[in-house]
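Undergrad: Below is a structure I'd like to ask you about.
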Amino acid sequence: MNLAVILDLITAREATADQAADRLREQITALTADLARIEGELADLKVTRTTLRILTAAEFTADDPTIASAPYQQILTVLDTTTTGMRAKDICLALGVDPIPKHVESARAKLKRMVKHHVLTENQPGVFTLTPKRT
Numbered sequence: 005m006n007l008a009v010i011l012d013l014i015t016a017r018e019a020t021a022d023q024a025a026d027r028l029r030e031q032i033t034a035l036t037a038d039l040a041r042i043e044g045e046l047a048d049l050k051v052t053r054t055t056l057r058i059l060t061a062a063e064f065t066a067d068d069p070t071i072a073s074a075p076y077q078q079i080l081t082v083l084d085t086t087t088t089g090m091r092a093k094d095i096c097l098a099l100g101v102d103p104i105p106k107h108v109e110s111a112r113a114k115l116k117r118m119v120k121h122h123v124l125t126e127n128q129p130g131v132f133t134l135t136p137k138r139t
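Rendered as structure tokens:
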């Protein structure tokens with residue numbers, strides 16, 4: 005082999021290596037951009053989780069936690085229409101919620117929580133009414 009052939013082989017190999025390095029640099033750039041996007045999303049999710057925990061904690065430690073959120077307000081609105089009281093299943097039906105066991109139990113838990121905070125009374129087992137307002 006002569007020197008010219010060897011130099012041509014080196015030049016060809018160098019061009020191939022340069023192309024491979026360029027492809028890898030492009031991939032690194034794309035991966036770096038993807039990583040930055042995903043890290044931003046993770047940071048947003050962390051902030052959202054923290055905010056929700058703070059809001060939830062505030063709801064259940066407030067002076068009147070049982071009426072702070074929309075589901076409780078909806079229950080109070082339904083109970084405001086009756087003087088005889090309602091059962092959890094009836095409240096689900098009035099709210100247009102499918103009265104399957106998990107929904108009824110969720111409503112019952114909210115009702116019991118409102119009884120605990122003296123917003124509702126349960127004079128008969130399972131029948132909930134608004135606590136009479138003191139005058």
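Heads up, the sequence shown is in the working numbering, so the first residue is 5 and it goes up one at a time. C-beta: ideal position from N, C-alpha, C; glycine also.
1) Given a cut-off of 7 Å, decide if PRO103 and LEU97 are closer than it, judged by their beta-carbon atoms.
2) In this structure, does DSSP put THR70 in helix, strand or coil?
3) Compute the beta-carbon to beta-carbon distance between ASP94 and LEU134, rounded to the nearest angstrom, for a pair I have assumed lies under 8 Å.
4) Please classify LYS137 as buried or exposed, where buried requires at least 16 neighbouring CB atoms within 10 angstroms.
5) In terms of residues, what are the limits of the alpha helix (DSSP H) holding VAL108?
6) Tell me where the alpha helix (DSSP H) around THR137 begins and ends.
7) Under the three-state reduction of DSSP, which class applies to VAL101: helix, strand or coil?
8) Within the same chain, show all residues whose beta-carbon is closer than 8 Å to that of THR81, passing over the 5 residues directly before and after it, in chain order.
9) Out of VAL101, HIS107, ALA92, GLU109, point me to the one whose CA is closest to LEU124's CA.
TA: Answer, in terms of the structure:
1) yes
2) In this prediction, THR70 scores a pLDDT of 47, lower than 50, which makes its location untrustworthy; no coordinate-derived value is stated.
3) Not confirmed; about 14 Å, so no contact.
4) exposed
5) 105-120
6) According to the sequence shown, residue 137 is Lys rather than Thr. Taken as a continuous stretch (DSSP letters only), LYS137 belongs to no alpha helix (DSSP H), as it is neither H nor E.
7) coil
8) none
9) ALA92
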